[in-house]
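Participant: Here the sequence shown is numbered in this note's numbering, starting from 224 and rising by one per residue.
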Amino acid sequence: MATTAAPHVGARPGIPAPALSPHPIERRGLGAWLTTPDHKKIGIMYLVTTFIFFLLGGVAALLVRTQLALPESAPFADEVYNQIFTVHATVMIFLFIIPFGVGGFGNYFVPLMIGARDVAFPKINALSFWMIVPAGLLILSGFFFPDPSGRYATGAADAGWTSYPPLSVRGPYGQSLWLVGLIILGTSSILGSMNFMVTILNMRTPGMTMHRIPLFVWAMLTTSFIQLVATPALAAALLMLLADRHLGTHFFDPAGGGDVIAYQHGFWFYSHPAVYIMILPYFGIISEILQVFSRKPIFGYKAVAYSTAAIGILGFVVWAHHMFTVGLPVISQSFFMLMTMLIAIPTGVKIFNWAGTLWGGHLQFKAPLLFSVGFLTMFVIGGLSGVYSAVVPVDYELHNTYFVVAHIHYVLFGGSVFAVFAGSYYWFPKLTGRLYSETLGAWHFWLMLIGFNLTFFPMHILGIMGMQRRIATYPIETGFLAWNVVETLGAFMMFFAIVIFVWNMAASMRAGAVAGNDPWLANTLEWLTTSPPPEYNFASLPRIRSERPLRDLRLAALGGDGLHQRATPALESGSGQAMAAPSH
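Right, dumping it as structure tokens:
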């Protein structure tokens with residue numbers, strides 16, 4: 224809906240308000256979604272589309288676990304197995320974790336959190352989303368086309384998510400589709416990052432200084448900076464690899480004098496900062512959730528904000544710790560080992576700040592907090608295994624084993640994906656206007672937590688035992704059988720947890736209790752407007768005086784500290800939208 228009666232609250236001084244229709248206009252139907260420039264609808268389309276990709280990636284993961292459950296068992300031929308795990312990792316990283324947090328939550332909530340009506344460039348924002356869909360279809364389409372060379376049963380990419388040459392230079396036809404798909408995804412990321420940076424830096428509501436923006440917005444600003452700087456390096460490497468495959472060049476083909484290590488430098492100069500693209504938005508989500516469900520301000524707001532920025536900078540000087548085994552000079556190995564230890568400091572700062580926020584708080588163990596605490600514990604375990612991998616002699620032994628697989632899953636699944644569910648439960652009332660089932664949310668959490676640890680913790684043990692990554696089968700004499708059976712059982716337990724989540728969301732959208740504007744007594748501006756918000760977001764906003772503007776309004780209405788009291792719809796905002804206020 225749109226109206227001219229509302230002042231433009233997202234503009235900076237000197238920027239005129241856009242001309243809007245004097246009468247409310249509501250666009251319905253499929254066409255309204257396909258052609259919308261509204262950041263909220265685009266955010267929802269990101270969330271739905273990338274979650275579908277998550278389900279596809281999860282099916283691929285179950286196929287991998289089925290293949291490895293028993294020794295010398297081969298439901299799939301070796302080359303098909305290679306294609307399955309390649310698609311699994313590619314989809315989970317590039318088509319789920321990154322776009323779900325950045326494109327989904329970021330698009331929907333950043334403008335709301337800073338009091339803007341939309342992002343700075345709405346049509347470019349829509350273009351960014353509509354590049355995701357064909358890119359994903361290109362990456363997956365190799366399964367549906369035979370390889371022209373006849374060497375492979377299907378033509379999907381099979382060189383892993385890293386696509387190292389020379390294997391990727393001679394891979395099936397789908398390897399080229401994979402490269403084109405990732406180049407399109409990278410273009411989408413660059414456009415989106417520019418949009419977010421301009422929006423955050425120029426469209427904050429009056430009074431919202433950089434020290435008053437929500438920590439999720441800090442995380443999105445840093446993530447956008449990383450994307451803008453790092454993604455061109457990956458695009459260049461992928462374009463050169465594509466040229467090697469089709470134009471007869473030899474950038475990375477050793478048969479023609481190419482340098483395979485040069486590709487790894489280009490790939491990891493993006494892909495290690497991409498780890499922070501995958502985790503920083505979720506750090507921001509956790510920072511928002513913990514202070515709401517502990518009924519305390521975040522412990523050390525500036526420390527959390529500045530540590531986010533520090534990660535964004537230091538993330539560019541650690542990429543070669545993925546390459547300790549390729550023969551780098553000793554001085555280079557020592558430098559990158561030191562930088563890897565150094566970047567753990569700002570991350571550790573966040574952990575202590577989050578623990579300090581929980582300490583002494585009035586904890587409300589609803590689904591968002593359950594998944595946030597699960598995030599903290601699983602991410603710390605992943606960080607501890609990362610300390611081992613950062614030490615050069617240890618990495619020599621563990622580099623190509625399942626120990627590394629365990630590490631990345633504890634960081635990205637135990638970290639990012641647990642935060643995906645935390646954020647989904649936290650913002651579900653705002654997205655839909657309904658409340659979910661807390662009982663089903665708790666079942667989802669405990670099944671997910673148990674299944675996750677059954678699946679991935681034994682991988683540490685298998686890695687130390689010597690089980691290599693990417694093997695399609697293994698002899699029974701290796702002793703890997705028992706732990707692989709446990710891992711497969713855990714994977715199917717996580718599958719049932721996801722089924723519960725999908726059922727909870729679908730049923731609650733249809734028949735959940737009405738949520739109201741602010742069911743959590745939250746702190747940030749998205750909870751000031753209706754649930755779901757109107758097209759124009761806000762009709763008016765208060766002047767921002769702290770990083771917790773809704774709490775300021777509640778206290779102003781009460782004339783005192785009512786932060787820990789129950790909520791009643793006592794205060795009306797200037798737009799005529801009810802806002803929950805504590806009562807004595």
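Backbone N, C-alpha and C fix where the C-beta goes; we use that ideal spot for every residue, glycine too.
Given the structure is predicted, the values throughout are model-derived calculations rather than measurements.
Check whether the segment 551-558 and the segment 596-608 are in contact - that is, three or more C-beta pairs closer than 8 Å.
Facilitator: Touching, no.
Participant: Would you check if the segment 394-411 and the segment 445-461 touch, i.e. whether three or more CB-CB distances between them fall below 8 Å?
Facilitator: Short answer: they touch.
Participant: Please report the distance separating the alpha-carbon of A466 from that of Q306.
Facilitator: On the sequence shown, residue 466 is found 243 positions in, with the first residue counted as 1. On the sequence shown, residue 306 is found 83 positions in, with the first residue counted as 1. Computed Cα separation, rounded: 22 Å.
Participant: Taking V643 as the reference, which of I512, V282, A567 has the closest Cα?
Facilitator: Sequence index remark: in the sequence shown, residue 643 carries index 420 (1-based). Ranking the options by Cα distance to V643, first place goes to I512.
Participant: Nearest to T655 by CA position, among V628, G326, H585, S754, is which residue?
Facilitator: As a first step, residue 655 is located in the sequence shown; it is residue number 432 there, counting from the start. Considering only alpha carbons, the answer is S754.
Participant: Between the Cα of L312 and those of S386, M463, W750, M354, spot the shortest distance and give me the residue it belongs to.
Facilitator: Mapped onto the sequence shown, residue 312 falls at position 89. Position check: residue 312 holds Ala in this sequence, whereas Leu was assumed. For the residues S386, M463, W750, M354, the minimum Cα distance to A312 belongs to S386.
Participant: Helix, strand or coil: which one does DSSP assign to Q290?
Facilitator: By 1-based counting over the sequence shown, the position of residue 290 is 67. DSSP places Q290 in helix when its eight states are reduced to three.
Participant: Are the segment 380-394 and the segment 336-344 in contact at 8 Å, needing three or more beta carbon pairs?
Facilitator: No, they do not touch.
Participant: Given this structure, state the Cα-to-Cα distance separating M463 from F475, to the nearest angstrom.
Facilitator: Residue numbering aside, residue 463 sits at position 240 when the sequence shown is read from its first letter. Residue numbering aside, residue 475 sits at position 252 when the sequence shown is read from its first letter. Distance between the alpha carbons of M463 and F475: 8 Å.
Participant: Name the residue from E749, R771, F547 whose alpha carbon lies nearest to the alpha carbon of A762.
Facilitator: Taking the sequence shown and counting its residues from 1, one reaches residue 762 at position 539. Out of E749, R771, F547, E749 has the C-alpha closest to the C-alpha of A762.
Participant: Using 8 Å as the threshold, is the C-beta distance between M688 and M717 below it?
Facilitator: As a position in the sequence shown, residue 688 is number 465, starting the count at 1. As a position in the sequence shown, residue 717 is number 494, starting the count at 1. Contact: no.
Participant: Using the C-alpha atoms, what's the distance from L621 back to V615?
Facilitator: Here residue 615 refers to the residue found at position 392 when the sequence shown is read from its first residue. Here residue 621 refers to the residue found at position 398 when the sequence shown is read from its first residue. Between V615 and L621, the C-alpha separation is close to 10 Å.
Participant: Who are the Cβ neighbours of F332 in its own chain at under 6 Å, not counting the five residues just before and after it?
Facilitator: Counted from its first residue, the sequence shown places residue 332 at position 109. Contacts found: E749.
Participant: According to DSSP, simplified to helix, strand and coil, what is Q556?
Facilitator: Taking the first residue of the sequence shown as 1, we reach residue 556 at position 333. Looking at Q556 - three-state DSSP - the assignment turns out to be helix.
Participant: Ordered along the chain, which non-local residues of its own chain (more than five positions away) have a Cβ less than 6 Å from that of H683?
Facilitator: Along the sequence shown, one-based indexing puts residue 683 at 460. Result list for H683: F626, A629, in chain order.
Participant: Alpha helix (DSSP H) containing K653: first to last residue?
Facilitator: Counting from 1 along the sequence shown, the entry for residue 653 is found at position 430. From DSSP, the alpha helix (DSSP H) with K653 extends over 641-655.
Participant: In whole angstroms, what is the alpha-carbon distance linking K264 and R468?
Facilitator: Counting from one through the sequence shown, the residue named residue 264 turns up at place 41. Counting from one through the sequence shown, the residue named residue 468 turns up at place 245. Rounded to whole angstroms, K264 to R468 spans 39 Å at the Cα level.
Participant: Please state whether DSSP places T385 in a helix, a strand or coil.
Facilitator: Position 162 of the sequence shown, counted from the start, is the residue given in the question as residue 385. Reduced to three states, the DSSP call for T385 is coil.
Participant: Identify every residue that forms a DSSP beta bridge with T454.
Facilitator: Position 231 of the sequence shown, counting from 1, holds the residue named residue 454. Beta-bridge pairing links T454 to no other residue.
Participant: On the DSSP bridge assignment, give the partners of T531 in chain order.
Facilitator: Counted from its first residue, the sequence shown places residue 531 at position 308. Answer is none; T531 lacks a bridge partner.
Participant: How many whole angstroms separate the CB atoms of D320 and M501, which I take to be in contact at a CB cut-off of 8 Å?
Facilitator: Residue numbering aside, residue 320 sits at position 97 when the sequence shown is read from its first letter. Residue numbering aside, residue 501 sits at position 278 when the sequence shown is read from its first letter. Asp is not the amino acid found at residue 320; the sequence shown has Ile there. With a Cβ gap of about 5 Å, I320 and M501 count as contacting.
Participant: Output needed for A343: all residues of its chain with C-beta closer than 8 Å, excluding positions within five of it in sequence on either side, in chain order.
Facilitator: Position 120 of the sequence shown, counted from the first residue, corresponds to residue 343. The answer, listed in chain order, is N418, V421, T422, N425, M426.
Participant: Compare the Cα-Cα distances from Q514 to each of T548, V541, L744, G359 and report the closest residue.
Facilitator: Within the sequence shown, numbered from 1, the residue matching residue 514 stands at position 291. That would be L744, whose Cα lies nearest to the Cα of Q514.
Participant: Quick one: which unbroken alpha helix (DSSP H) runs of 4-plus residues sit fully inside the segment 545-599? Chain order, please.
Facilitator: Whole alpha helix (DSSP H) segments, 4+ residues: 553-581.
Participant: Hey, would you say G359 sits closer than 8 Å to G378, going by beta carbons?
Facilitator: The sequence position of residue 359 within the sequence shown is 136, counting from 1. The sequence position of residue 378 within the sequence shown is 155, counting from 1. No, Cβ-Cβ distance for G359 and G378 is not below 8 Å.
Participant: Output needed for V617: all residues of its chain with C-beta closer than 8 Å, excluding positions within five of it in sequence on either side, in chain order.
Facilitator: As a working mapping, residue 617 is identified with position 394 in the sequence shown. Cβ within range, chain order: Y611.
Participant: In angstroms, rounded to a whole number, what distance separates the CA positions of T273 and V282?
Facilitator: Reading the sequence shown from its first residue, position 50 is the one you call residue 273. Reading the sequence shown from its first residue, position 59 is the one you call residue 282. Near 14 Å, if we compare the C-alpha coordinates of V282 and T273.
Participant: Report the rounded CA-to-CA distance for W669 versus V709, giving the unit in angstroms.
Facilitator: The sequence position of residue 669 within the sequence shown is 446, counting from 1. The sequence position of residue 709 within the sequence shown is 486, counting from 1. Between W669 and V709, the C-alpha separation is close to 17 Å.
Participant: Using three-state DSSP, classify A736 as helix, strand or coil.
Facilitator: The residue you call residue 736 lines up with position 513 of the sequence shown. DSSP places A736 in coil when its eight states are reduced to three.
Participant: How about S510 and G584: are their beta carbons less than 8 Å apart?
Facilitator: Translated into the one-based positions of the sequence shown, residue 510 becomes position 287. Translated into the one-based positions of the sequence shown, residue 584 becomes position 361. No.
Participant: Does DSSP put A349 in a helix, a strand or coil?
Facilitator: The residue labelled residue 349 in the question sits at position 126 within the sequence shown. It is helical.
Participant: Are the Cβ atoms of G415 and S351 separated by less than 8 Å?
Facilitator: Here residue 415 is taken as the residue at index 192 of the sequence shown, counted from 1. Here residue 351 is taken as the residue at index 128 of the sequence shown, counted from 1. Yes; because the gap between Cβ atoms is below 8 Å, this pair is in contact.
Participant: Have a look at A736, A734, N707 and flag the residue whose alpha-carbon is nearest the alpha-carbon of S296.
Facilitator: Taking the sequence shown and counting its residues from 1, one reaches residue 296 at position 73. Out of A736, A734, N707, N707 has the C-alpha closest to the C-alpha of S296.
Participant: Can you tell me whether T696 is helix, strand or coil according to DSSP?
Facilitator: Indexing the sequence shown from 1 puts residue 696 at position 473. Coil.
Participant: Specify the secondary structure class of T194 as computed by DSSP and reduced to three states.
Facilitator: No answer is possible for residue 194: the residues shown for the chain start at 224 and end at 807.
Participant: L270: which of V737, M728, A779 sits nearest, CA to CA?
Facilitator: In the sequence shown, residue 270 corresponds to position 47, counting from 1. Nearest of V737, M728, A779 to L270, Cα basis: M728.
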